[in-house]
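*Asks:* 1 is the number of the first residue of the sequence shown in UniProt numbering; add one for each residue after it. Every residue, glycine too, gets a C-beta built ideally from N, C-alpha and C. Keep in mind the model is a prediction, meaning the values are calculated, not measured. Submitted below is the structure of interest, expressed as structure tokens.
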Amino acid sequence: SFEGRVEVYHDGKWGTICDDQWDDRDAEVVCRQLGLSGTPKALSWAHYGQGSGPILLDEVQCSGNELSLDQCKKSDWGQQNCDHIEDAGVSLVHRLFLFSPAECCPFLLPPLAEGSVRLAGGRSPSEGRVEVYYNGDWGTVCDDGWTDLGAQVVCRQLGFR
């Protein structure tokens, strides 16, 4: 199902949204931005768990017609007075996946450089299978010869210390 804590990418980092003023119109814009349709429901008080890292948006007030959160009235990026117990979430019922964000709206996604890395399938953003972006696709990394040194390089590439 399409539900979870809402996180946004801005200025090279992922972060959460504070639930001050968060309502179903904001959830509708999130779903539209992701290429999803259905009946959106805004959820507050870290319904899907508390995030970590920065809280990037606060006081989001969409009319419901915007194409992306960036078009909504909101505080300036990074300006907030919240804790992660106030992380915003969205649940979408009776949904239909219309298109992937990459197909409809590549401007919504951060540009990817060859050799970019990510962690996939983990229980948190700081763990998972290592994947590398190459020739327009994400691929896995073989563990032959994989050592702590390789893991340290990936962690540094992802901004961990």
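(1) Shortest alpha-carbon distance to L92 belongs to which of R118, D83, A42, G78?
(2) Please return the same chain residues whose Cβ sits closer than 6 Å to the Cβ of E28, not counting the five positions on each side in sequence.
(3) How many angstroms separate the CA atom of E3 from the CA atom of V153?
(4) Using the Cβ count rule (16 or more neighbours within 10 Å means buried), how would you classify K74?
(5) The beta strand (DSSP E) that contains D137, what's its start and end?
(6) Excluding five sequence neighbours on each side, which residues of the same chain lie with their C-beta closer than 7 Å to the C-beta of Q21?
(7) Given this structure, state the Cα-to-Cα distance separating V8 from L119, to the nearest angstrom.
(8) Considering only residues of the same chain and omitting the five flanking positions on each side of C31, which have a CB-CB separation below 6 Å?
(9) Closer than 8 Å by C-beta to N135: which residues in its own chain qualify, once you throw out the five before and the five after it? Chain order, please.
(10) DSSP three-state label for L34, please.
(11) Short check: CB of L67 to CB of L57, under 8 Å?
(12) In whole angstroms, give me the CA-to-CA distance for E131 and G121.
*Replies:* In terms of the structure at hand:
(1) Reading the sequence shown from its first residue, position 92 is the one you call residue 92. The residue with the shortest Cα to Cα distance from L92 is A42.
(2) Translated into the one-based positions of the sequence shown, residue 28 becomes position 28. Excluding residues within five positions, the ones whose Cβ falls inside 6 Å are P40, G64.
(3) The sequence position of residue 3 within the sequence shown is 3, counting from 1. The sequence position of residue 153 within the sequence shown is 153, counting from 1. Near 32 Å, if we compare the C-alpha coordinates of V153 and E3.
(4) For the purposes of this step, residue 74 is taken as residue 74 along the sequence shown, with counting starting at 1. Answer is buried; the Cβ neighbour count reaches 16.
(5) Residue 137 sits at position 137 when you count from the first residue of the sequence shown. D137 -> beta strand (DSSP E) spans 137 to 140.
(6) As a first step, residue 21 must be located in the sequence shown, where it is residue number 21. Here the set comprises E59, V60, Q61.
(7) Working through the sequence shown from its first residue, we reach residue 8 at position 8. Working through the sequence shown from its first residue, we reach residue 119 at position 119. One C-alpha to the other measures close to 17 Å.
(8) Here residue 31 refers to the residue found at position 31 when the sequence shown is read from its first residue. So the list reads P40, L92, once near-sequence residues are dropped.
(9) In the sequence shown, residue 135 corresponds to position 135, counting from 1. Around N135: E114.
(10) Taking the first residue of the sequence shown as 1, we reach residue 34 at position 34. In this structure, L34 counts as coil in the three-state DSSP scheme.
(11) As a working note, residue 67 is residue 67 in the sequence shown. As a working note, residue 57 is residue 57 in the sequence shown. Contact flag unset, no.
(12) The residue labelled residue 131 in the question sits at position 131 within the sequence shown. The residue labelled residue 121 in the question sits at position 121 within the sequence shown. Distance between the alpha carbons of E131 and G121 is about 10 Å.
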